[in-house]
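Going down the list, the sequences are from chains W and Z.
Under our numbering, the first sequence has 81 at position 82, and the numbering climbs by one with no breaks.
Under our numbering, the second sequence has 19 at position 39, and the numbering climbs by one with no breaks.
No residue lacks a Cβ here, since even glycine has one placed at the ideal position from N, Cα and C.
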Amino acid sequence: MSAIAIADGVFREKPEPTLIGGRHRESGRIVFPCPEGKALWEAVDLPRQGTLWSWTVQRFRPKSPPYAGPEDFEPFAIGYVELPGAIIVEARLANVAFDALTIGMPMQLAVVPFSIDANGNEVRIYAFAPAGGE
Amino acid sequence: MQGVYIIGIGIHPFGRTDGLSGLQQGAYAARQALADAGLEWADMQFGFGGSDSAGNADTIVNELGLTGLPFINVKNGCATGGSALIGSWQAIASGQHDVGIAIGFDKHPRGAFNAMPAEYNLPDWYGEAGFMVTTQFFAMKLQRYMALHGISPASLGRVAEKAFRNAVHADHAWRRSPTDMDTIMNSQMVSDPLTKYMFCSPAEGGVALILASAKKARELGRDQVRIKAAVIRTRPPGSFEVFAPSMDIERGGAPTLLASSAAFEMAGIGPEDIDVAQLQDTESGAEIMHMAENGFCRDGEQEEWLANGWTNIDGKLPVNTDGGCLACGEPIGASGLRQVYENAVQLRGLGGGRQVRGTVRTAYSHVYGAPGISGVTILER
């Protein structure tokens, strides 16, 4: 069994967790993820730290398809994190109690387990966790 | 441009109707609207109609009669009904026709809408990861709004409580049992801060409206309800919308702001002149945010409005007098026309137990939906 990313070109885990955005070559506008196969966008590393812009908790299992998470569902937090000078990105929120989530709290990018695929690989996904904590 | 009137209204009850297709529910509404107007299907000079997931509206001629009329299918998400109304309104305002019909209907499977990433130009992993869930967007827009503007969870409960209280008196509503604050606040949390009773559900239903020119309406003695404005708008830069993996730090406006101001300008009146309003309430917080986006109060003032019951039937601006989407459910293609139906009922004074007190002269309706579209109509008696 090995660890694989939920998709290629979206984030890197090493040497440090990093989200890969896209920068428009003319306007400089940044988006995430980087649009594929479009010459006008160049891949750019996004800041690794930011602040929580909003959040909620997904309390029921999303419909499959498209959801590909574990059948045995556990509620998970998601949110938008503002990365200063760049963009606001949507992400899972990890390593934090639901009742500790507060808009404005400092967050840091992490890569965490998402599911086990049909071949026994651990699928990993980007997430934000409280900055400074474990 | 000649004046346009709503001279007949019909509705098939919202909710679940096993054994009737969405189209058949639309036909039911059309027959009721024709009877209300005192007209026959053969009198219709044109039709506009649509559904989101219940098929093409023009096949309704199989149900109602092969009269050869021109019938335009509309498919415009949550603004499908509103768009059918605009098309009908323009067909008459332009002087091309004297009388026609706008129809909206739908029938959705149970449970949350399940959208697929490709339909929204998003990569597959976005859906696999669990982000293709509309309730997340509504919850996160609301969560930030509550933090910025001091809206309490109790206000969310009050909106839902009002919806179910009003729906008791609406024959066409789905959930017609009064539900108290404790039940609403303590029901299952769906997507924080919203509980089960604070969300509307996908549903079924049909609505039809017969529109006519001023001359035709007077001939028929049905010149009570006039359309003063009907507009739809798409999103401006920087609006926060469903299914957004990222967004710009610089935030912008919202489609509702555009639609609302355009409608008020067209009608030549302002929010203070409105007597009753039907506002998109996909969830409790949406009604609260839309009170401000449509200009009826400033951000944060909703807390005081709801604590004082100002949006109740006997309040200074009754909102969602038939229980809105929370109590009627949301058949996408019919929802916007339900609001206009309810406003016509209120303007005619036929609301019974849910009738707004005093004279109702102006009525406002507002829809909002993915991927950032809003429709507003203003009716006047």
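Endpoints, the alpha helix (DSSP H) within which residue i is located
i: valine 170 of chain Z; result: Valine 170 of chain Z -> not in any alpha helix (DSSP H); beta strand (DSSP E) instead, spanning 169 to 171.
i: tyrosine 321 of chain Z; result: 312 to 328
i: methionine 161 of chain Z; result: 161 to 166
i: aspartate 104 of chain Z; result: 104 to 108
i: alanine 287 of chain Z; result: 282 to 287
i: threonine 236 of chain Z; result: 235 to 247
i: phenylalanine 223 of chain Z; result: Note, phenylalanine 223 of chain Z: premise wrong, no alpha helix (DSSP H); not H, not E.
i: alanine 140 of chain Z; result: 133 to 147
i: leucine 82 of chain W; result: Premise fails: leucine 82 of chain W lies in the beta strand (DSSP E), 75 to 82, not in any alpha helix (DSSP H).
i: glutamate 273 of chain Z; result: 264 to 273
i: arginine 198 of chain Z; result: 194 to 199
i: leucine 128 of chain Z; result: 114 to 129
i: leucine 306 of chain Z; result: 304 to 308
Coil, strand or helix - residue i by DSSP
i: arginine 11 of chain Z; result: helix
i: isoleucine -11 of chain Z; result: strand
i: aspartate 86 of chain Z; result: strand
i: phenylalanine 93 of chain Z; result: coil
i: glutamate 133 of chain W; result: Residue placement at glutamate 133 of chain W is poorly supported in this model, since its pLDDT is 47, which falls under 50; the coordinates still yield a value, given next. Glutamate 133 of chain W: coil per DSSP, three-state reduction.
i: methionine 24 of chain Z; result: coil
i: serine 74 of chain Z; result: coil
i: tyrosine 348 of chain Z; result: strand
i: asparagine 42 of chain Z; result: helix
i: arginine 91 of chain W; result: strand
i: proline 182 of chain Z; result: strand
i: glutamate 99 of chain Z; result: helix
i: threonine 60 of chain Z; result: helix
i: isoleucine 229 of chain Z; result: coil
i: phenylalanine 97 of chain W; result: helix
i: leucine 259 of chain Z; result: strand
i: arginine 123 of chain W; result: strand
Residue i: first and last residue of the uninterrupted beta strand (DSSP E) it sits in
i: valine 205 of chain Z; result: 205 to 214
i: proline 105 of chain W; result: 105 to 115
i: leucine 18 of chain W; result: 17 to 23
i: serine 53 of chain W; result: 48 to 57
i: asparagine 53 of chain Z; result: 51 to 53
Per-residue contacts from residue i into chain Z (C-beta, under 7 Å)
i: phenylalanine 31 of chain W; result: Pro225, Ser226
i: tryptophan 54 of chain W; result: Met120, Gln123
i: glutamate 89 of chain W; result: Phe111, Ala224, Pro225, Ser226
i: isoleucine 3 of chain W; result: Correct list: empty, because the minimum Cβ distance to chain Z is about 12 Å.
i: alanine 6 of chain W; result: Pro103, Trp105
i: isoleucine 124 of chain W; result: Ala109
Proximity winner among the options, relative to residue i (alpha-carbon distances)
i: alanine 153 of chain Z; options: Z:Gly185, Z:His129, Z:Asp162, Z:Thr175; result: Z:Gly185
i: serine 132 of chain Z; options: Z:Ala287, Z:Ile293, Z:Thr339; result: Z:Ala287
i: phenylalanine 434 of chain Z; options: Z:Asp38, Z:Ala34, Z:Trp285; result: Any question about residue 434 of chain Z goes unanswered here, given that chain Z covers just -19 to 361.
i: proline 173 of chain Z; options: Z:Arg124, Z:Pro216, Z:Gly218; result: Z:Arg124
i: isoleucine 5 of chain W; options: Z:Gly107, Z:Phe179, Z:Gly48; result: Z:Gly107
i: alanine 109 of chain W; options: W:Thr101, W:Ala2, W:Tyr125, W:Ala96; result: W:Tyr125
i: proline 216 of chain Z; options: Z:Thr163, Z:Ala234, Z:Ala34; result: Z:Ala234
i: threonine 291 of chain Z; options: Z:Ile229, Z:Lys142, Z:Gly218, Z:Arg202; result: Z:Lys142
i: proline 158 of chain Z; options: Z:Met165, Z:Ala98, Z:Met96, Z:Arg145; result: Z:Arg145
i: glutamate 199 of chain Z; options: Z:Leu19, Z:Phe(-6), Z:His(-8), Z:Ala10; result: Z:Leu19
i: histidine 346 of chain Z; options: Z:Phe276, Z:Pro(-7), Z:Gly332; result: Z:Phe276
i: threonine 60 of chain Z; options: Z:Asp32, Z:Ala98, Z:Ala140; result: Z:Asp32
i: alanine 109 of chain Z; options: W:Val95, W:Ala76, W:Leu82; result: W:Ala76
i: alanine 127 of chain Z; options: Z:Lys296, Z:Met269, Z:Val340, Z:Cys305; result: Z:Met269
i: glycine 8 of chain W; options: Z:Trp105, Z:Asn42, Z:Lys87, Z:Arg(-4); result: Z:Trp105
i: serine 171 of chain Z; options: Z:Lys121, Z:Arg341, Z:Ala192; result: Z:Lys121
i: glycine 352 of chain Z; options: Z:Ile(-9), Z:Leu14, Z:Gly30, Z:Cys58; result: Z:Cys58
Within chain Z, the residues that residue i reaches when beta carbons sit closer than 9 Å
i: glycine 68 of chain W; result: Glu108, Ala109, Gly110
i: valine 9 of chain W; result: Pro103, Trp105
i: glycine 119 of chain W; result: The contacting residues do not exist; glycine 119 of chain W stays about 17 Å from chain Z at best.
Residue i beta carbon near the ligand PLP (any heavy atom closer than 7 Å)
i: leucine 39 of chain W; result: With respect to the ligand PLP, the structure offers nothing, as it holds no ligand at all.
Residues that residue i contacts on chain W, provided the C-beta gap is smaller than 7 Å
i: valine 170 of chain Z; result: Arg58, Phe59
i: asparagine 94 of chain Z; result: Lys62
i: isoleucine 229 of chain Z; result: Glu81, Ile86, Ile87
i: glutamine 116 of chain Z; result: Thr55, Gln57, Ile77
i: glycine 352 of chain Z; result: Under the 7 Å cutoff, chain W gives no residues; its nearest Cβ is about 16 Å from glycine 352 of chain Z.
i: proline 217 of chain Z; result: Within 7 Å Cβ-Cβ: nothing; proline 217 of chain Z doesn't reach chain W, min ~10 Å.
Contact set between residue i and chain W, taken where Cβ atoms lie within less than 9 Å
i: alanine 127 of chain Z; result: Ser53, Thr101, Ile102, Gly103
i: proline 97 of chain Z; result: Pro65
Partners in chain W for residue i, counting only beta-carbon separations shorter than 8 Å
i: glycine 232 of chain Z; result: Those within 8 Å of glycine 232 of chain Z in chain W number zero; the least Cβ separation is about 13 Å.
i: glycine 91 of chain Z; result: Lys62
Proximal chain Z residues relative to residue i, where beta-carbon distance stays under 8 Å
i: phenylalanine 113 of chain W; result: Ala109
(message) I'd like to know if the region 40 to 59 of chain Z and the region 143 to 156 of chain Z are in contact, where contact means that at least 3 CB-CB pairs between them fall below 8 Å.
(response) Note that the region 40 to 59 of chain Z does not touch the region 143 to 156 of chain Z; fewer than 3 beta-carbon pairs, one per stretch, sit closer than 8 Å.
(message) With a threshold of 8 Å, are at least 3 pairs of Cβ atoms found where one atom belongs to the region 91 to 103 of chain Z and the other to the region 242 to 249 of chain Z?
(response) Touching, no, given that fewer than three Cβ pairs across the two stretches are closer than 8 Å.
(request) Could you tell me whether the region 315 to 334 of chain Z touches the region 251 to 261 of chain Z, using the rule of 3 or more Cβ pairs below 8 Å? (result) With the cut-off at 8 Å, the region 315 to 334 of chain Z and the region 251 to 261 of chain Z touch.
(message) Is it the case that the region 100 to 108 of chain W contacts the region 277 to 287 of chain Z, given that we only count it when at least three CB pairs across the two stretches are under 8 Å?
(response) Judged by Cβ distances under 8 Å, the region 277 to 287 of chain Z makes no contact with the region 100 to 108 of chain W, as fewer than three pairs qualify.
(message) Does the contact criterion of 3 or more C-beta pairs under 8 Å hold for the region 39 to 47 of chain W versus the region 10 to 24 of chain W?
(response) Verdict: yes, contact present.
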